[in-house]
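Chains as they are written, first to last, in our numbering: chain Y, 6 to 184; chain E, 835 to 1014.
I have placed the structure first, in the form of structure tokens, so that the comments after it can refer back to it.
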């Protein structure tokens, strides 16, 4: 290696990043060449001088400010959780109230309407008649109608197809429903 | 980070306490402005808090942390340029000297420090940040390359050039004042 090669590699030599052979060759060269040795000393001195730039302790207020600034978000997070919990509770409570009302109504209807001498079997607190009555309510729901409608749909429009000049695209039953 | 994303205030406090020194000093050395460094550090931790839920440990946490600091620092520089304000170099107050320190030694050390700060501030921005991360934060060239978004060789080249510039700038320092 000539002086230029040596000087190009002095930074890597300082960082001990060179292969052993290259490192040894530079070490030998620095022992013989005053110019390169001087250059190396200069580099080393400049780099080591940076050590005089001490760290500074961050101001105490900094951490406090950071923690204060995220506090409202922490409240917001807990508020969101409370809202979720309230919504779930409301749903459960509402469902319970609804079904207890239904149960009461069915019991009254049963007493008023049927005077059947046949004793019905009971499962726990719910009688067999009650279960059948509930099934009838379900049947009355529009759910089954909508389900039937959906079953009839043979194709769903996934994307708008380019209009063909000769053939009008087939309309699905969902289109009919929507229009 | 997992705990922080679940709203664990203590975990966040611990994270801030652990990294605030490094974050603040990196920003301070790079920006040479204590107020801006403080703003960057605060902003950095707030961003970490907000991003905790989406954080995925693809790389080392410190790499992610320093990338945020780097981006915020460059934002500050960009704003400075846009504002066209001549910044007053209000570099932070020097550390209080140890009581046993000789006054002459203290003054000499202060002078060296100012000279070093000036020499580093003269480096191009990208080179300056690389030098600070390498010299003061002990980051490997691999890590710095990850933070800066460039190759390891590019980082080595920047450090190599920075050393040459600093060698010239600081060549007139007295021998006994450098190093620890």
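Cβ coordinates follow ideal geometry from the N, Cα and C atoms, glycine included.
Let's see if you can read the secondary structure: which residues bound the alpha helix (DSSP H) around residue i?
i: residue 877 of chain E; result: 868–885
i: residue 938 of chain E; result: 937–955
i: residue 982 of chain E; result: 975–982
i: residue 907 of chain E; result: 895–917
i: residue 967 of chain E; result: 959–969
i: residue 45 of chain Y; result: 39–54
i: residue 12 of chain Y; result: 8–13
i: residue 1003 of chain E; result: 986–1003
i: residue 860 of chain E; result: 843–865
Give me the chain E residues within the contact set of residue i, using Cβ-Cβ distance strictly less than 7 Å, ordered along the chain.
i: residue 54 of chain Y; result: 946, 950, 1004, 1007, 1012
i: residue 70 of chain Y; result: 876
So, with DSSP's three-state summary, where would you put residue i?
i: residue 922 of chain E; result: For residue 922 of chain E, the pLDDT reaches just 48, beneath the cut-off of 50, and the residue's location in the model is therefore unreliable, leaving the point undetermined.
i: residue 132 of chain Y; result: strand
i: residue 777 of chain E; result: One cannot answer for residue 777 of chain E here, as it falls past the ends of chain E, which runs 835 to 1014.
i: residue 972 of chain E; result: coil
i: residue 62 of chain Y; result: coil
i: residue 23 of chain Y; result: coil
i: residue 170 of chain Y; result: Low confidence applies here, because residue 170 of chain Y scores a pLDDT of 49, under 50, leaving its location unreliable and the question unanswered by this model.
i: residue 100 of chain Y; result: helix
i: residue 892 of chain E; result: coil
i: residue 67 of chain Y; result: helix
At 9 Å on the CB atoms, spell out the chain E contacts of residue i, in chain order.
i: residue 87 of chain Y; result: Ordered by position in chain E, no residue passes the 9 Å Cβ test against residue 87 of chain Y, which lies about 13 Å from the chain.
i: residue 48 of chain Y; result: 997, 998, 1000, 1001
i: residue 65 of chain Y; result: Under the 9 Å cutoff, chain E gives no residues; its nearest Cβ is about 10 Å from residue 65 of chain Y.
Quick test of your reading: residue i and residue j, contact by CB under 8 Å. State the CB separation rounded to the nearest angstrom.
i: residue 947 of chain E; j: residue 52 of chain Y; result: With 8 Å as the limit, residue 947 of chain E and residue 52 of chain Y do not qualify as a contact, their Cβ atoms being about 15 Å apart.
i: residue 907 of chain E; j: residue 879 of chain E; result: Residue 907 of chain E to residue 879 of chain E, Cβ: 15 Å. No contact.
i: residue 111 of chain Y; j: residue 135 of chain Y; result: 6 Å
i: residue 60 of chain Y; j: residue 913 of chain E; result: That belief does not hold up - the Cβ atoms of residue 60 of chain Y and residue 913 of chain E are roughly 26 Å apart, past 8 Å.
i: residue 872 of chain E; j: residue 953 of chain E; result: With a Cβ gap of about 24 Å, residue 872 of chain E and residue 953 of chain E do not count as contacting.
i: residue 838 of chain E; j: residue 893 of chain E; result: Rounded, the Cβ-Cβ distance is 18 Å, inconsistent with contact.
i: residue 868 of chain E; j: residue 951 of chain E; result: Their Cβ separation, rounded to whole angstroms, is 13 Å, which puts residue 868 of chain E and residue 951 of chain E out of contact at 8 Å.
i: residue 968 of chain E; j: residue 993 of chain E; result: 6 Å
Whose Cβ in chain Y lies nearer than 8 Å to the Cβ of residue i?
i: residue 943 of chain E; result: 57
i: residue 969 of chain E; result: 52, 55
i: residue 846 of chain E; result: 72, 75
i: residue 899 of chain E; result: Here the premise fails: no neighbours, minimum Cβ distance about 14 Å.
So with CB distances below 7 Å, who are the chain Y contacts of residue i?
i: residue 993 of chain E; result: 16
i: residue 880 of chain E; result: 71, 74, 75
i: residue 939 of chain E; result: Result: empty, since nearest Cβ-Cβ is about 12 Å, beyond 7 Å.
i: residue 862 of chain E; result: 61
i: residue 889 of chain E; result: Within 7 Å Cβ-Cβ: nothing; residue 889 of chain E doesn't reach chain Y, min ~15 Å.
Closer than 9 Å by beta-carbon distance: list the chain Y residues that pair up with residue i, in chain order.
i: residue 850 of chain E; result: 67, 68, 71, 72
i: residue 870 of chain E; result: Correct list: empty, because the minimum Cβ distance to chain Y is about 13 Å.
For a contact defined as C-beta to C-beta under 8 Å, what are the partners of residue i on chain E?
i: residue 60 of chain Y; result: 855, 859, 970
Does the ligand ATP have even one heavy atom less than 7 Å from the beta-carbon of residue i?
i: residue 68 of chain Y; result: In terms of ligand content, the structure shown is empty, and the ligand ATP therefore cannot be addressed.
With a threshold of 8 Å between beta carbons, is residue i in contact with chain A?
i: residue 95 of chain Y; result: Annotation note: the requested chain A is absent from the structure, which comprises protein chains Y and E.
Are the region 969–978 of chain E and the region 26–33 of chain Y touching by the rule of at least three beta carbon pairs closer than 8 Å? no
Are the region 899–916 of chain E and the region 89–101 of chain Y touching by the rule of at least three beta carbon pairs closer than 8 Å? no
Determine contact between the region 64–75 of chain Y and the region 847–857 of chain E, defined as no fewer than three beta-carbon pairs at a distance below 8 Å. yes
Three or more beta-carbon pairs under 8 Å between the region 987–1000 of chain E and the region 6–19 of chain Y, yes or no? yes
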